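Protein chains: 2
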Amino acid sequence: MMDIKHYMNDLGARARAASRAMAKADTAAKNRALSLIAAAIRRDAAALRAANELDLAAAKASGMEAAMLDRLTLSDKAIATMAEGLEQIVSLADPIGEISNMKYRPTGIQVGQMRVPLGVIGIIYEARPNVTVDAAGLCIKSGNATILRGGSEAIHCNQALAKLVKEGLAGAGLPADAVQIVETTDRAAVGELITMPQYVDVIVPRGGKGLIARLMQEATVPMIKHLDGICHVYIDDKADLQKALDVAFNAKCHRYGTCNTMETLLVAEGIAARVLPPLAKLYEAKQVELRCDSAAAVILADYPYLAQATEEDWSTEYLAPVLAVKVVADIDAAMAHINDYSSKHTEAIITEDYSRALRFLREVDSASVMVNASTRFADGFEYGLGAEIGISNDKLHARGPVGLEGLTSLKYVVFGHGEVRQ
Amino acid sequence: MMDIKHYMNDLGARARAASRAMAKADTAAKNRALSLIAAAIRRDAAALRAANELDLAAAKASGMEAAMLDRLTLSDKAIATMAEGLEQIVSLADPIGEISNMKYRPTGIQVGQMRVPLGVIGIIYEARPNVTVDAAGLCIKSGNATILRGGSEAIHCNQALAKLVKEGLAGAGLPADAVQIVETTDRAAVGELITMPQYVDVIVPRGGKGLIARLMQEATVPMIKHLDGICHVYIDDKADLQKALDVAFNAKCHRYGTCNTMETLLVAEGIAARVLPPLAKLYEAKQVELRCDSAAAVILADYPYLAQATEEDWSTEYLAPVLAVKVVADIDAAMAHINDYSSKHTEAIITEDYSRALRFLREVDSASVMVNASTRFADGFEYGLGAEIGISNDKLHARGPVGLEGLTSLKYVVFGHGEVRQ
Numbered sequence: 143m144m145d146i147k148h149y150m151n152d153l154g155a156r157a158r159a160a161s162r163a164m165a166k167a168d169t170a171a172k173n174r175a176l177s178l179i180a181a182a183i184r185r186d187a188a189a190l191r192a193a194n195e196l197d198l199a200a201a202k203a204s205g206m207e208a209a210m211l212d213r214l215t216l217s218d219k220a221i222a223t224m225a226e227g228l229e230q231i232v233s234l235a236d237p238i239g240e241i242s243n244m245k246y247r248p249t250g251i252q253v254g255q256m257r258v259p260l261g262v263i264g265i266i267y268e269a270r271p272n273v274t275v276d277a278a279g280l281c282i283k284s285g286n287a288t289i290l291r292g293g294s295e296a297i298h299c300n301q302a303l304a305k306l307v308k309e310g311l312a313g314a315g316l317p318a319d320a321v322q323i324v325e326t327t328d329r330a331a332v333g334e335l336i337t338m339p340q341y342v343d344v345i346v347p348r349g350g351k352g353l354i355a356r357l358m359q360e361a362t363v364p365m366i367k368h369l370d371g372i373c374h375v376y377i378d379d380k381a382d383l384q385k386a387l388d389v390a391f392n393a394k395c396h397r398y399g400t401c402n403t404m405e406t407l408l409v410a411e412g413i414a415a416r417v418l419p420p421l422a423k424l425y426e427a428k429q430v431e432l433r434c435d436s437a438a439a440v441i442l443a444d445y446p447y448l449a450q451a452t453e454e455d456w457s458t459e460y461l462a463p464v465l466a467v468k469v470v471a472d473i474d475a476a477m478a479h480i481n482d483y484s485s486k487h488t489e490a491i492i493t494e495d496y497s498r499a500l501r502f503l504r505e506v507d508s509a510s511v512m513v514n515a516s517t518r519f520a521d522g523f524e525y526g527l528g529a530e531i532g533i534s535n536d537k538l539h540a541r542g543p544v545g546l547e548g549l550t551s552l553k554y555v556v557f558g559h560g561e562v563r564q
Numbered sequence: 143m144m145d146i147k148h149y150m151n152d153l154g155a156r157a158r159a160a161s162r163a164m165a166k167a168d169t170a171a172k173n174r175a176l177s178l179i180a181a182a183i184r185r186d187a188a189a190l191r192a193a194n195e196l197d198l199a200a201a202k203a204s205g206m207e208a209a210m211l212d213r214l215t216l217s218d219k220a221i222a223t224m225a226e227g228l229e230q231i232v233s234l235a236d237p238i239g240e241i242s243n244m245k246y247r248p249t250g251i252q253v254g255q256m257r258v259p260l261g262v263i264g265i266i267y268e269a270r271p272n273v274t275v276d277a278a279g280l281c282i283k284s285g286n287a288t289i290l291r292g293g294s295e296a297i298h299c300n301q302a303l304a305k306l307v308k309e310g311l312a313g314a315g316l317p318a319d320a321v322q323i324v325e326t327t328d329r330a331a332v333g334e335l336i337t338m339p340q341y342v343d344v345i346v347p348r349g350g351k352g353l354i355a356r357l358m359q360e361a362t363v364p365m366i367k368h369l370d371g372i373c374h375v376y377i378d379d380k381a382d383l384q385k386a387l388d389v390a391f392n393a394k395c396h397r398y399g400t401c402n403t404m405e406t407l408l409v410a411e412g413i414a415a416r417v418l419p420p421l422a423k424l425y426e427a428k429q430v431e432l433r434c435d436s437a438a439a440v441i442l443a444d445y446p447y448l449a450q451a452t453e454e455d456w457s458t459e460y461l462a463p464v465l466a467v468k469v470v471a472d473i474d475a476a477m478a479h480i481n482d483y484s485s486k487h488t489e490a491i492i493t494e495d496y497s498r499a500l501r502f503l504r505e506v507d508s509a510s511v512m513v514n515a516s517t518r519f520a521d522g523f524e525y526g527l528g529a530e531i532g533i534s535n536d537k538l539h540a541r542g543p544v545g546l547e548g549l550t551s552l553k554y555v556v557f558g559h560g561e562v563r564q
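Top to bottom, those sequences are chains G and F.
Under the working numbering, the first sequence has 287 at position 145, and the numbering climbs by one with no breaks.
Under the working numbering, the second sequence has 327 at position 185, and the numbering climbs by one with no breaks.
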């Protein structure tokens, strides 16, 4: 039997050592590694598919459900997308080493900040081979070492991908240990990974709420994470009706299973009778179930997929064609509801009123706050970060979509000329 | 007997409620509160001294040592300094609400970030009444609510100060619960404070290494902290001799008890014989004990306070007129030593060599890295932050001296015109 603790400590020590080399790696070397990995993935597409077939066969035999099988599958298109993703990361500016705000102080020293890698990033994710490559790419570009622990059902594919990543790193003169995958499927490995702060600086868990809640209980390493997305759209009585219809429909129906999908619609009572009926027409075409409070239920009495909302609905992430609907007195009541029930992910107001728009932006305490735009925009690519390692609902360090910058830190740098403290 | 858990939960719930009002408080109201508190402190100086006398009498009776008694004492000068400190915080720019980097995306939305308060800050500190006022001032200005748990020996004085703070908050129309002090001296209160993440967003512990190490074991709320400061100065063989002498003397002897004081001096072997003897002359006048490795000991054989360094010395924070001294081959050996033994607080290189200066800045993984300047500059005031709530040796969130900005977070804001995700 394998000694998991010893194995994980060895991975950690190797990662820590590699992180020092990665921190000083120049931009050209990091980009070269990424390009080499992309080329190797294209070259070995057939072998990757074969490794994936082994995983798929085992997963089917163990009765994996269709949605998970779909994410485990590495199609030709998925392989091409992985390679393209790496090339996109090549095109992003290198965040490392940037020096900002160098200011002279009255003492004569000049003080500013330099952006530096965090060190070692642990990533825990489900059986999705594309995450292996995306995460490795982001960590390489940001000068970090990483330990990847993907779902055990993807182990063959992940091993094949790790081999190509190491080949690319070596080809660029970078340490192969900069990207390591956990080669054991033993779950104890996760327990070790999240409790070795001496080797791991931050954990990015990607997966279901249950997994993340469990990790939060046990982790001693800080995490960049979100548990769920209970996102709200508030239609103010000063809303433009067409914008309200467009956004409220898109925020719910563009995709049901994503964390930035609207789960609760709040409507000002002054506009509810005008906006809810035409909006319900749009939802009806998609067979969206509307769980309404009593005021909304009166207006939508004839809606075919109507249900009565219960207290539980206000804090439920449906991830399905289901929407909670509540009529509120005004923006104050809307913000009070949001501050009570939101998971602090993303909220939007639809209004043409200047003062209310500014109040909503300032007073709603969520990672993303929007005026007249769909909550579905809360995404690293849509925000222009170029890539996304995850989304944080926490306030410390990174908040909202997390790109390369979230994998870095700022240290103070001081240029002196022999100055001493008086 | 008091139910500490219930009491602390009540403080937490009040703080959370007050934090919502503080987050939207305008700059004028926050500044007015700070000015009113400063005026009240000056007005009630005699009453504050009387409260302090009660604390001092009890502390003396229980045999408190002189250094702690000194910090507990609220002299007329200390009272004036507290009031002035608040007025300095008034003059700092309000960090809250600042919107930065608003950029249009190809979809038509405009995306940027807004600086917002963290929410509720818990501060745990020793029996130093001035920290009560400093910390309250910084939290008010940054739009946070705070729960202050000062050393129990200062309880009378802290209660008197808290009364004035609440008077100032009320006078400015802000909730009195924005600043609460823990009124019980029961130690269990600290245990509650650090384990109620539902009410407290971050803990700033200020105090000895023992206290902070203990809090780290038990806290479930994130902390902004540092354990110790094992700071290094490396004198390169391309150093300017005078700068080397000035900085190495100042970094050790300006103050012995501070976390940014140099504890280990590294000297390149190419310059050791030239720089160590004149430097030792300076240290000798201050009776600084030099714990030398064998190479340094040969050069300093005649030094009256010479000792042999042991392995333990390289990781000891003396906080005293004691210095570990090691001769190293070159900058690579110096950086390897620093990366192995440093507490990642502050390190300086003394060199006139351009490439080595840049390498040191980039490759040394500490919160502050300096060229040709004394480590004693690692300080919020010296860096121009205007004030300092603490120093962080961690990489996530705030690193190095932490001012108002460290008590804030950035949320994403999106200005739309009805855009939906395609």
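Backbone N, C-alpha and C define an ideal beta-carbon position, used for all residues, glycine too.
What you are looking at is a predicted structure, and each value in this text was computed from that prediction instead of being measured.
Burial state of F/G352, where buried means 16 or more other Cβ atoms lie within 10 Å: Reading the second sequence from its first residue, position 210 is the one you call residue 352 of chain F. Looking at its Cβ environment, which holds fewer than 16 other Cβ atoms inside 10 Å, F/G352 is exposed.
Cα-Cα separation, F/G528 to G/Q255: Walking along the second sequence from the start, residue 528 of chain F turns up at place 386. Walking along the first sequence from the start, residue 255 of chain G turns up at place 113. Rounded to the nearest angstrom, the two C-alpha atoms are 16 Å apart.
Chain-ordered neighbours of G/G542 on chain F, where CB pairs are closer than 9 Å: In the first sequence, the residue the question calls residue 542 of chain G occupies position 400. Neighbours of G/G542 on chain F, chain order: Q255, L552, K553 and Y554.
Inter-residue CB distance, G/V544 and G/I366 (contact presumed, cutoff 8 Å): In the first sequence, residue 544 of chain G corresponds to position 402, counting from 1. In the first sequence, residue 366 of chain G corresponds to position 224, counting from 1. Right, the Cβ-Cβ distance comes to about 6 Å (below 8 Å), so this counts as a contact.
Status (buried if at least 16 other CB within 10 Å, exposed otherwise) for F/G205: As a first step, residue 205 of chain F is located in the second sequence; it is residue number 63 there, counting from the start. Looking at its Cβ environment, which holds fewer than 16 other Cβ atoms inside 10 Å, F/G205 is exposed.
F/G399, buried or exposed, once every other Cβ within 10 Å from all chains shown has been counted against 16: Counting from one through the second sequence, the residue named residue 399 of chain F turns up at place 257. By the Cβ-count criterion, F/G399 is exposed, with fewer than 16 other Cβ atoms from all chains shown falling within 10 Å of its own Cβ.
Cross-strand partners of G/M365 (DSSP beta bridge): For the purposes of this step, residue 365 of chain G is taken as residue 223 along the first sequence, with counting starting at 1. Answer is G/I345.
Distance CB(F/V469)-CB(F/A438) smaller than 7 Å: As a working note, residue 469 of chain F is residue 327 in the second sequence. As a working note, residue 438 of chain F is residue 296 in the second sequence. The Cβ-Cβ distance between F/V469 and F/A438 falls below 7 Å.
7 Å Cβ cutoff met for G/K553 and G/V258: Working through the first sequence from its first residue, we reach residue 553 of chain G at position 411. Working through the first sequence from its first residue, we reach residue 258 of chain G at position 116. Yes, the Cβ-Cβ distance between G/K553 and G/V258 is below 7 Å.
Nearest neighbour of F/L546, chosen from F/L234, F/D186 and F/K219 [CA to CA]: As a position in the second sequence, residue 546 of chain F is number 404, starting the count at 1. Closest option to F/L546, Cα to Cα, is F/L234.
Beta-carbon proximity of F/V253 to F/V556, cut-off 7 Å: As a position in the second sequence, residue 253 of chain F is number 111, starting the count at 1. As a position in the second sequence, residue 556 of chain F is number 414, starting the count at 1. In this structure, F/V556 lies closer than 7 Å to F/V253 by Cβ.
Contact under 7 Å by Cβ, G/R291 with G/I263: One-based indexing of the first sequence puts residue 291 of chain G at position 149. One-based indexing of the first sequence puts residue 263 of chain G at position 121. Cβ distance not < 7 Å, so G/R291 and G/I263 don't count as in contact.
C-alpha distance - F/D168 paired with G/L407, whole-angstrom precision: In the second sequence, the residue the question calls residue 168 of chain F occupies position 26. In the first sequence, the residue the question calls residue 407 of chain G occupies position 265. For F/D168 and G/L407, the distance between alpha carbons rounds to 30 Å.
Cβ of G/A515 within 7 Å of any chain F Cβ: Position 373 of the first sequence holds residue 515 of chain G. G/A515 counts as touching chain F.
For G/Y525: DSSP bridge partner residues: If you number the first sequence from 1, residue 525 of chain G lands on position 383. The secondary-structure analysis by DSSP pairs G/Y525 with nothing; it has no beta-bridge partner.
Contact set between the stretch 269–296 of chain F and chain G, restricted to residues whose Cβ is under 7 Å from the partner: none
Sequence-distant residues of its chain with Cβ nearer than 8 Å to G/V409 (five each side left out): If you number the first sequence from 1, residue 409 of chain G lands on position 267. Cβ within range, chain order: Y376, I377, V417, L418, A438, V467, K468, V469 and V470.
Residues near G/T249 in its chain [Cβ-Cβ closer than 6 Å; skip 5 each side]: Stepping through the first sequence from its first residue, residue 249 of chain G is reached at position 107. Excluding sequence neighbours, G/T249 sits near E561.
Rounded straight-line distance, which links the Cα of G/E489 to that of F/I238: Position 96 of the second sequence, counted from the start, is the residue given in the question as residue 238 of chain F. Position 347 of the first sequence, counted from the start, is the residue given in the question as residue 489 of chain G. For F/I238 and G/E489, the distance between alpha carbons rounds to 20 Å.
Cβ neighbour criterion (16 or more within 10 Å) applied to F/R397: Locating residue 397 of chain F in the second sequence gives position 255, counting from the first residue. The residue is exposed, with fewer than 16 neighbouring Cβ atoms inside 10 Å.
F/I441: first and last residue of the uninterrupted alpha helix (DSSP H) it sits in: One-based indexing of the second sequence puts residue 441 of chain F at position 299. Taken as a continuous stretch (DSSP letters only), the alpha helix (DSSP H) holding F/I441 covers S436 to I441.
Beta-carbon neighbours of G/I263, restricted to chain F and to distances below 8 Å: To locate residue 263 of chain G, count along the first sequence from 1; it is residue 121. Chain F residues near G/I263: none, gap ~11 Å exceeds 8 Å.
The stretch 357–364 of chain G in contact with the stretch 386–394 of chain G per 3-pair CB rule at 8 Å: no
Nearest candidate by alpha-carbon position, reference G/A475, set G/L153, G/A386, G/I491 and G/E454: Within the first sequence, numbered from 1, the residue matching residue 475 of chain G stands at position 333. Checking every option, the nearest Cα to that of G/A475 belongs to G/I491.
As assigned by DSSP and simplified to three states, the class of F/G560: Along the second sequence, one-based indexing puts residue 560 of chain F at 418. Reduced to three states, the DSSP call for F/G560 is strand.
Own chain partners of G/G279 with C-beta closer than 7 Å, once the 5 adjacent residues on each side are dropped: Taking the first residue of the first sequence as position 1, residue 279 of chain G is located at position 137. Excluding the 5 residues flanking it on each side, G/G279 has same chain C-beta neighbours closer than 7 Å at L176, G227, L228 and I231, in chain order.
Burial state of G/Y496, where buried means 16 or more other Cβ atoms lie within 10 Å: In the first sequence, counting from the first residue as 1, residue 496 of chain G sits at position 354. Per the 10 Å Cβ criterion, exposed.
Exposure of F/G532, with buried meaning 16 or more beta-carbon neighbours within 10 Å: The residue labelled residue 532 of chain F in the question sits at position 390 within the second sequence. Buried is the call here.
For F/R433, the three-state DSSP class (helix, strand or coil): What you label residue 433 of chain F is simply residue 291 of the second sequence in a count that begins at 1. Correct three-state label for F/R433: strand.
Neighbour list for G/K512 in chain F, Cβ cutoff strictly below 7 Å: Along the first sequence, one-based indexing puts residue 512 of chain G at 370. In the sequence as presented, Lys is not what sits at residue 512 of chain G; that position holds Met. Within 7 Å Cβ-Cβ: V556 and G558.
Chain G contact for F/N392 (CB, 7 Å cutoff): The residue you call residue 392 of chain F lines up with position 250 of the second sequence. Yes, F/N392 lies at the interface with chain G (some Cβ there is under 7 Å from its Cβ).
Straight-line gap, F/A499 to G/A318 (C-alpha atoms, nearest Å): Sequence index remark: in the second sequence, residue 499 of chain F carries index 357 (1-based). Sequence index remark: in the first sequence, residue 318 of chain G carries index 176 (1-based). C-alpha separation (whole angstroms): 28 Å.
Cβ neighbour criterion (16 or more within 10 Å) applied to F/M143: The residue given as residue 143 of chain F occupies position 1 in the second sequence. Its pLDDT being 44, under 50, F/M143 is placed unreliably by the model, and the measurement read from it follows with that caveat. When all chains shown are included, F/M143 counts as exposed.
Chain-ordered neighbours of G/I251 on chain B, where CB pairs are closer than 7 Å: Here chain B cannot be found, since the structure's protein chains are G and F.
Cutoff 7 Å; reference G/I146; Cβ partners in own chain excluding five residues on either side: Counted from its first residue, the first sequence places residue 146 of chain G at position 4. Once the five neighbours on either side are set aside, the close Cβ partners of G/I146 are T326, D328, A330, A331 and E334.
Span of the beta strand (DSSP E) around F/C299: Translated into positions along the second sequence, residue 299 of chain F becomes position 157. No beta strand (DSSP E) contains F/C299, which is instead part of the alpha helix (DSSP H) from I297 to G313.
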